[in-house]
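Structure first, commentary second.
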Amino acid sequence: MVLFLDDASADSSAEFPDRASMMEVRLQAQEDEITLLKSSLADALRRIHLHDHQMSDSIVTNTNGHIGSLTSMEPRTKPATLDRSTQTESTLIGQGSGQDRVPLPRRVQSLHLEDALLSGQSVQGIRAKLYRIPGMEEEEQEEDEEGRGEQEKDLGWTPSVEEPIQPTTIRSLQKEDFQDRSCSPEETCAALASVRTSDQNLSPRYGPLARIQEGEKTALWVILPHHFFLCCVCFPEQSIKMFIRGRPITMYIPSNIQNYEDLKMEPPSERLQLDWVYGYRGRDCRANLYFLPTGEAVYFIACVVVLYHINNCTQRHYRKHTDCVRCLTLHPDKVRVASGQTAGVDKDGKPLQPCVHIWDSVTLVTLQQIGLGTFQRGVGSVAFSFADSGAFLCVIDDSNEHMLSVWDCNKGTKHAEVKSTNEAVFAVEFNPIDSTNIITCGKSHVYFWTLSAGQFTKKQGIFGKYKKPKFIQCFVFSLTGDVLTGDSEGNILTWGKSAADIKTLGKGAKETFQIMRQTRAHEGSVFTLCTLQGGALLSGGGKDRKIIRWSADLAPERECEIPEKFGAVRTIADMNGKELLVGTTRNAILRGTFSNGFVAIVQGHVDEMWGLATHPSQNIFLTCGHDRQVCLWNTEEHKLDWCIILEYGLCAGFCPNGSVVSVGLSSGRWVVLDLLTREVVSESIDGNEQLSVMRYSPDGSFLAVGSHDNFIYIYNVTESGRRYIRFGKCNGHSSFITHLDWSKDGKYIMSNSGDYEILYWDIAAGCKLLRNRFESKDREWASYTCVLGFHVMGVWLEGSDGTDINALCRSHSERVVAVADDFCKVHLFQYPCPKPKAPSHKYDGHGSHVTNVCFTHSDSHLLSIGGKDTCIFQWKVIGGEVGESKERLASASSTSTSSPEPEICAVLYVDEMHIPQLCPGPGNLHLLEH
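Each residue of the sequence shown is one higher than the one before, counting from 12 in my numbering.
What follows is the structure in structure tokens.
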């Protein structure tokens, strides 16, 4: 009995959402930390080893035992096409350009090591160690493949070398000159270049003084036990750093931005307006579909209550909830609606307070907010009273005791409250002719409540000679006042009042509610009951997927079976006695009659989604996810064009010609589908781990497949996207691939990985890793979906852990970038947004982490998909002016071609002493008290 077990587990699991959620978050955090540590270690080993080989010929010793100054080194030959702004070698003043070296000023040659030591302390025997500066990512020269292969074989920790340092060996900037700030930037730079140390036996490869390069930065670092000296020379406005989980990520500033600090970050003029919501929550919710006199069906998914006009095919949305909506009920006046939400958590993990909203379905205005701060975990069931024209609202929350409370709808005040049961509760209703009588049902129980003077009394339904079912799924009131329940055994039970059995219950026992009749209705559970005008009854089955019409005396009259692909019947709503609306367990809403059958008017996914791709020229898009469904949707008609079943689909990409689409699956297999025939025209397997990215080059000649095995597989594409031949493999990431983009010329790829790496690849040269990332700073990209990069650095919030942003997408006009985050939000930033804390427009509605976003081909709409909420939002892009992003860049660019002045960065620290420290300053040095 598959559906029966599924239903039971879904309801019982709701009792412990906090513990399960907490364990999931903790487990994910631990896995992320382990992945980060492994990848960071591998990256550090690789870079240290390559750096040592690069530095092997860079240190020259003099005859007097001193290491030669850095300015005496021969600069490496650079390609003629590169100008000074694109060279990664540090060029100190006067070096490498045919100019005479600036002589070292006398006043900056006399600071000895004794000046940095405690009074009376000797430096004899003190030993120096060379360590890699944290965050300084050297840009190695490109080496041939054989040499690189040998280096990888010898990869390992490089031991530091300890050597004696004499008192006169380290000379640097004179303390007096720092204090009076009389040193010019040129003199200071030359002084730094003249740093020398003694001991002629020092190894040229592992010496205690060496360069670590980054773009146009040169860093000298000598560490002594308890005493160290650090000085850096860097050119401003060349690169900036951002940190994720303590790991530095270097971003190189494009050449057309000379005044980075002058860039102004503003929210974009474009905005988003919710246009359409695809999906319905029928898998784990009951009684959540109603038909309004306006011709609209009202239902919910995620945090949105949807009002869908069936004949006009339009939607309106009630969006005042802050987390997932769990229950819904309609007021007797057929205008007011009450909807309850779950508690949820904010971005810091703190629980949010659940509540019930009473709102007007015509104006979408909230009339009352009930129970804020009263309910625990969430609201499971709600019901309006009928006998008094809906003056009261009954609520059952999701706490362990499932508190039953009655509220005054007009005043918003609590009238009474009681603990109902520790078992799951599925439904609650007022007696339609007596508002003091309330019935609840759920796991192994039916309770009859009486409310008097603010106090509840409870009577339990007696099953007597009948088998007690595990679950009472639903109930309704008949015209005679009897209660009809549907249970997990497939029976409809008729309950009525009867005199107490004195033999069983003893003397003084009052009347009880007992089963008067049992009617066999369905194979499997009875999920829903619906009364019709005239006393007829409709029942919806689970396992048999049948809808049966019963007469007032429970004689079967008609029946039909809904298609298997839609799942079981979850709820039924009557459309003015002519047609029926049916909500199913596979998140579909059907419309039809017993005579003509049923067709789907609302469809959606039933499990977590990750794959999203928009067509390059048509208003269609494709989604795939953990439910094994690959769905093609039409954004104009707001409907599902077709759906096929494959494996877990995690990513997708349309070929630029628009005739085929590739889908990456969880097993490492990927398939290419023909959009018209839905047939698989090609398939392949790359590794045995899940695929995360499918991206075609702009001209469609290549396909890049990003995998969780850390590789990017490149394929040649021919025959209009129907033939694929392996071209190469990009090998260099130390963690799984998360995002990648092609350059506009189709020759290069930018990729991100799970350990926050940004790498660049020359595909035309044989999938070669470009080690000089500085040279890629001006490259233009056909798309921008990488979450790490200079142009999108501002989308990251302060304190982000690296997993907070799941996806982003730049618009085709290159004016805005949309971001999907882990906190149920969709953000819209201006593009580019390279400065931290960039402002944005924020949009809610999703009830789970937003897994992906994508603009349509014309940028008229944005699509966003949720994780556990299984919904798709279609946002309309409104506002905006053409050319806005280019104007922003132009305003921050400088027409000057002169080189930037060097920025001197030096730090002097001595343990157990309070001495002046030096911090970065534009062209001079400032003093800080330690």
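From the three backbone atoms N, C-alpha and C, an ideal C-beta is built for every residue, glycine too. Computed from a prediction, not measured in an experiment: that's the story for all the values here.
Contact annotation, Phe-738 with Asn-727: C-beta distance approximately 5 Å; criterion of less than 8 Å satisfied. Look at Ile-260 here: in three-state DSSP terms it is strand. Contact annotation: Phe-884 and Leu-285 have beta-carbon atoms nearer than 8 Å. Here the region 867-877 makes no contact with the region 341-361; the two share fewer than three CB pairs at distances below 8 Å.
Residue range 425-430 is occupied by the beta strand (DSSP E) that includes Ala-427.
Counting of Cβ neighbours within 10 angstroms places Phe-254 among the exposed residues, the total staying below 16.
Per DSSP, the beta-bridge partners of Phe-467 are Leu-462.
In the three-state reduction of the DSSP assignment, Ser-787 falls in the helix class.
Annotation for Trp-807: no beta strand (DSSP E) segment contains it, and DSSP assigns it neither H nor E.
Closest option to Gly-660, judged by alpha-carbon separation, among Trp-644, Val-682 and Glu-648: Val-682. Scanning Leu-47, Lys-788, Thr-496 and Val-827 for the CA closest to the CA of Thr-542 turns up Thr-496. Just measuring C-alpha positions, the residue of Glu-434, Lys-430, Glu-412 and Gly-401 sitting nearest Gly-423 is Gly-401. The DSSP-derived three-state label of Val-613 is strand. 8 Å or more divides the Cβ of Lys-848 from the Cβ of His-838. Of the residues assessed, Asp-652 falls on the exposed side of the cut-off, its CB having fewer than 16 other CB atoms within 10 angstroms. The C-beta distance from Asp-815 to Asp-789 rounds to 29 Å, too long to fall under 8 Å, and the pair is not in contact.
Under a 10 Å Cβ-count criterion, Glu-809 is classified as exposed, with fewer than 16 other Cβ atoms of the shown protein chains found around its own Cβ.
Sixteen is the threshold: when 16 or more other Cβ atoms of the shown chains lie within 10 Å of the Cβ of Lys-454, as they do, the residue is buried. Restricting attention to Phe-632, Asp-638 and Asp-710, the CA atom closest to the CA of Pro-667 is found in Asp-710. With a 10 Å radius around the Cβ and a threshold of 16 neighbouring Cβ atoms, Cys-324 comes out exposed. Taking every protein chain shown into account, the CB of Ser-562 has fewer than 16 other CB atoms within 10 angstroms, so this residue is exposed.
Under the 8 Å Cβ criterion, the region 787-806 counts as touching the region 760-778, having at least three qualifying pairs.
Counting only the Cα atoms, Ser-695 lies some 16 Å from Tyr-707. Here the C-alpha atom of Ala-624 lies approximately 40 Å from the C-alpha atom of Phe-386.
The beta carbon of Ser-396 sits closer than 7 Å to the beta carbons of Ala-402, Phe-403, Phe-441 and Ser-446 from its chain, once the five residues preceding and following it are set aside; these are given in chain order. Judged by DSSP in its simplified three-state form, Val-683 adopts strand. For the pair Ile-656 and Ser-628, the Cα-to-Cα distance works out to about 25 Å. Counting along the chain, the unbroken beta strand (DSSP E) around Cys-820 starts and ends at 816-821. Straight across, the Cα-Cα distance linking Thr-523 with Ile-381 is about 33 Å. By a beta-carbon distance limit of 8 Å, Val-692 does not contact Cys-662. Their separation comes to about 18 Å. In terms of Cβ geometry, Phe-467 and Ala-427 form a close pair [threshold 8 Å]. C-alpha of Val-716 to C-alpha of Ile-723: approximately 5 Å in a straight line.
Minimum Cα-Cα distance from Leu-633 among the listed residues Asp-334, Leu-781, Asp-812 and Phe-866 corresponds to Phe-866. A residue is called buried once 16 or more other Cβ atoms fall within 10 Å of its Cβ, and Asp-555 is buried on that count.
Per the Cβ contact rule, the region 857-865 is not in contact with the region 593-607 (fewer than 3 Cβ pairs under 8 Å). About 20 Å separates the Cβ atoms of Gly-546 and Leu-592, ruling out a contact at the 8 Å cut-off.
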